[in-house]
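Q: Handing you this structure, nothing more for now.
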Amino acid sequence: MVRFAKAIGETRPEYVQPGKTEDGKDDYSTLIGHPAMPAMWVLDAMMKVDDATMTDEDGVKWTFDIDFIKLLHTGQEYDYTDCVPVRAGDVLVSQGKLADVYVKGSPGKELLWIVGEIETRNQKKELVVRTRLTAGIRKGGYGIKRVE
Amino acid sequence: MVKLSEVKVGMEFTDVVENITREQIREYGFASGDKNGIHMDDKVAELAGLKGVIAHGLLFMGFVGVMLTRLADEGRIVKWGGQFRGSVRPGDDVHTVAKVTKVEGNLVYLDIEQYSFTPLRIEKDGKVVKKFEGEERGWVSEKDVQAGCLKTKEVEEGTLHYRWRLSFPGYAVLELKD
């Protein structure tokens, strides 16, 4: 948490300066996660977009076939409404869903656009952040494949 | 930091992070876990056709985050986000402007525009007296030229030619206290 906050230039003590215990040791329980910190895990979550499956009218299950080399991360939003801060020692679990997917672009240069929405909760099931991210995948980098 | 009672629609706040370095980009890579070679290693970036490393989009978004925590002070950030429009490179300065568009109770709405400043060369009496990495590596694209991103200003050594390009347009909602 501290290294991430310092890497973006943060200096506020609640993000980078642990308190002290009575015996003079660092007390990380005083720290909270920086509002930019979900960057540490949402990209991994996005890479799992090809875990998403869809079932067609014939009951056949399909999934994305994505070449992540051709992926451009184009947008990111964080919503902290009714959220609690991340604290040292938390165990965070993210659950994502594909909010939108469409093909758009000039002829011959169409991109597959994906919009993912991810909710991250701590070990008490409390919401810590909702993230929305957008990415475009260049032509030749996307398709679908049948799930065996 | 800004107090709720002092905020007015139209107010602007600015922040500048000067001279982004390769070390800074690499450190962000280690801190965030995104160690993709296009950010960490010039050779890998060149193989990807990028003419050298680029900063992580989430790093220059992070600069906005730092600006917002300072503005919010004892308050908090409710929502924020934006789009990654242009790459940021070593040697760039990153300028962020946040403009108040609405105040509703204790909620303050901001429009954010972040620009990268890329120095290219200094000319004096028609001669180039200093070249920066952006000029030497050819970071200016035809798209930059067409979009009017190339500008000049007078500096002590002569006329500085530079690129001024939108890197991150976004928004934020802060909950402020007095």
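Chains as they are written, first to last, in our numbering: chain A, 1 to 148; chain B, 1 to 178. Backbone N, C-alpha and C define an ideal beta-carbon position, used for all residues, glycine too.
List, from N- to C-terminal side, the beta strand (DSSP E) runs of 3 residues or more that fit wholly inside the stretch 103 to 178 of chain B.
A: Counting only runs of 3 or more, we get 107 to 124, 127 to 131, 150 to 155, 158 to 175.
Q: Near H161(B), what residues of its chain come up, given a Cβ to Cβ distance below 6 Å and the 5 sequence neighbours on each side ignored?
A: If we look at H161(B) and ignore the five residues flanking it on each side, its Cβ neighbours are L120, R121, T152.
Q: Would you tell me roughly how many angstroms separate the C-alpha atoms of K70(A) and T96(B), rounded to the nearest one?
A: Whole-angstrom Cα-Cα distance: 29 Å.
Q: Spatial neighbours of A5(A) within its chain, please: C-beta separation below 7 Å, excluding the five flanking residues on both sides.
A: Only Y15, V16, H34 meet the Cβ criterion.
Q: Roughly how many angstroms lie between the CA atoms of M11(B) and S87(B), to the nearest whole one?
A: So the alpha carbons of these two residues sit roughly 28 Å apart.
Q: Mind listing the chain B neighbours of F4(A)? Cutoff is C-beta to C-beta under 8 Å, in chain order.
A: Within 8 Å Cβ-Cβ: A31, S32.
Q: Do K3(B) and D178(B) come within 8 Å of each other at the CB atom, strictly closer than that value?
A: Closer than 8 Å, so yes.
Q: I need the boundaries of the alpha helix (DSSP H) containing G62(B), first residue and last residue.
A: 57 to 72 is the span of the alpha helix (DSSP H), which, as asked, contains G62(B).
Q: Per DSSP, what kind of secondary structure is F4(A) in: helix, strand or coil?
A: Correct three-state label for F4(A): helix.
Q: For Q95(A), name the three-state secondary structure that DSSP assigns.
A: DSSP places Q95(A) in strand when its eight states are reduced to three.
Q: Which residues of chain A have a Cβ atom closer than 9 Å to the Cβ of V7(B), listed in chain order?
A: Those do not exist, as V7(B) stays about 19 Å from chain A at its closest Cβ, beyond 9 Å.
Q: Short check: CB of E123(B) to CB of G91(B), under 8 Å?
A: Going by C-beta atoms, E123(B) is not nearer than 8 Å to G91(B).
Q: Is it buried or exposed for M61(B), if we count other Cβ within 10 angstroms and need 16 for buried?
A: The residue is buried, with at least 16 neighbouring Cβ atoms inside 10 Å.
Q: Less than 8 Å between the CB atoms is what I'm expecting for G170(B) and Q83(B), so what's the real figure, rounded?
A: With a Cβ gap of about 7 Å, G170(B) and Q83(B) count as contacting.
Q: Quick check: is the beta carbon of G9(A) nearer than 8 Å to any beta carbon in chain B?
A: With 8 Å as the cut-off, G9(A) counts as an interface residue toward chain B.
Q: Determine the direct distance from the alpha carbon of V7(B) to that of L72(A), and round the result to whole angstroms.
A: L72(A) and V7(B): Cα-Cα distance of roughly 37 Å.
Q: Rounded to a whole number of angstroms, what is the C-alpha to C-alpha distance between K61(A) and E148(A)?
A: C-alpha separation (whole angstroms): 8 Å.
Q: For L110(B), which of F117(B), D73(B), K99(B) has the nearest alpha-carbon?
A: Among F117(B), D73(B), K99(B), the Cα nearest to that of L110(B) belongs to K99(B).
Q: So, is the C-beta of A36(A) closer than 8 Å to a C-beta in chain B?
A: Output row for A36(A): interface = yes.
Q: Answer with buried or exposed for M1(B), where buried requires no fewer than 16 other C-beta atoms within 10 angstroms of its C-beta.
A: Per the 10 Å Cβ criterion, exposed.
Q: Sort G75(A), R132(A), K109(A), P85(A) by Cα distance to E117(A) and report the nearest one.
A: When each option's Cα is compared against that of E117(A), the closest is R132(A).
Q: Going by other Cβ atoms of all chains shown within 10 Å of its Cβ, with 16 needed for buried, is F168(B) buried or exposed?
A: Under this definition F168(B) is a buried residue.
Q: Closer than 7 Å, Cβ to any Cβ of chain B: which residues of the stretch 30 to 55 of chain A, in chain order?
A: For the stretch 30 to 55 of chain A, which is checked against every Cβ of chain B, the residues closer than 7 Å are H34, P35, A36, A39, M40, L43.
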